Structure formats: C-alpha cells, structure tokens
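Input: a single structure, listed below in structure tokens.
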Amino acid sequence: MTKKDTFRVVARGRDGSLQIRDYTSLDPLTDHHEQVGIDDCSTDLALRGMPVFRGLIGPMPEGKNIVRYETPEVFEMLTKEWGITKPKKRRRRTSEKKAAEASTDSAELVS
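For the sequence shown, position 55 matches number 55 in UniProt numbering, and the numbering has no gaps at all.
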C-alpha cells in the first residue's frame with residue numbers, strides 16, 4: 001500500500017479557473033477547515049482514516065501518493081463534465097452479419 005504524502009485542494013478562482021494547492025502535511029488543512037470525521041469506507045485502503053473536512057469533498061485518490069479534496073462547486077462542475085462526455089460508440093456485428101461474412105469467406109476459399 002502506497003503512502004499518501006501530498007494533499008491537494010482544488011477550488012475555483014474568481015475568474016472561474018481551477019486553483020490547485022498542494023500541501024506536504026495535513027496541518028494547513030486542519031488550520032483552515034473544520035474536521036468533521038474520518039473516512040472509513042474508501043475502496044482505496046490508503047485513504048481510510050484520512051480526515052473529512054466541512055466544506056470540502058474528499059478524500060479521494062489522485063495518482064499513487066496524492067489525496068485530493070475539492071470544493072463543492074468544483075466537484076459539481078467536474079462531475080457534470082464527466083457525465084456529459086460520451087464514450088466512443090462501438091459497432092457490434094449481429095450474428096446474422098457474422099454468419100453472412102463466414103459463408104462469404106468459406107465460398108471464397110472453395111473457389
């Protein structure tokens with residue numbers, strides 16, 4: 001299990017841009033935000049026991065050694081963007097097309 005040693009806070013600036021601040025310890029976060037609990041259900045075991053802060057969404061993993069916290073506005077914005085992106089559509093061949101292609105291929109082999 002990798003030790004998480006960077007704590008990232010992502011907020012929205014006055015101009016709408018994302019502002020990212022990285023900290024090497026939890027002390028600055030506990031100075032500015034009220035801890036309301038600890039994470040006890042994350043699937044990333046390295047996050048279990050990490051603090052949960054009022055006014056921030058997180059902790060969430062980002063890479064191998066980064067713990068990420070986001071403001072609610074950033075979380076909502078990024079979640080909406082993620083939901084809007086459409087996955088590439090894959091065309092599937094139906095069984096009828098597969099059978100037709102197989103019969104065409106076998107006919108070409110015979111001739």
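Think of the CB as a built atom: it goes at the ideal place given N, C-alpha and C, for glycine as much as any other residue.
On a predicted model such as this, the values are computed, not experimentally measured, just so you know.
- Cα atoms of THR30 and ARG90: separation of roughly 47 Å, rounded to the nearest angstrom.
- The residues VAL10, ALA11, ARG12, LEU18, in chain order, have a CB closer than 7 Å to that of VAL74 in the same chain once the five nearest residues on each side in sequence are set aside.
- Note on geometry: alpha-carbon atoms of LYS88 and THR6 lie some 34 Å from one another.
- Distance check between GLU70 and each of GLY49, ASP44, GLY55, GLY63 places GLY55 closest, using alpha-carbon atoms only.
- Between GLY49 and ARG14, the alpha-carbon positions lie close to 33 Å from each other.
- Assignment of ASP22 by DSSP, reduced to helix, strand and coil, places it in the strand class.
- By the neighbour-count definition (other C-beta atoms within 10 Å, threshold 16), LEU47 is a buried residue.
- Membership of GLU34 in any beta strand (DSSP E) is not indicated, and neither H nor E is assigned to it by DSSP.
- By the CB criterion at 8 Å, VAL52 and ILE66 fall outside the cutoff.
- For THR79, there is no enclosing beta strand (DSSP E); the residue is part of the alpha helix (DSSP H) that begins and ends at 72-84.
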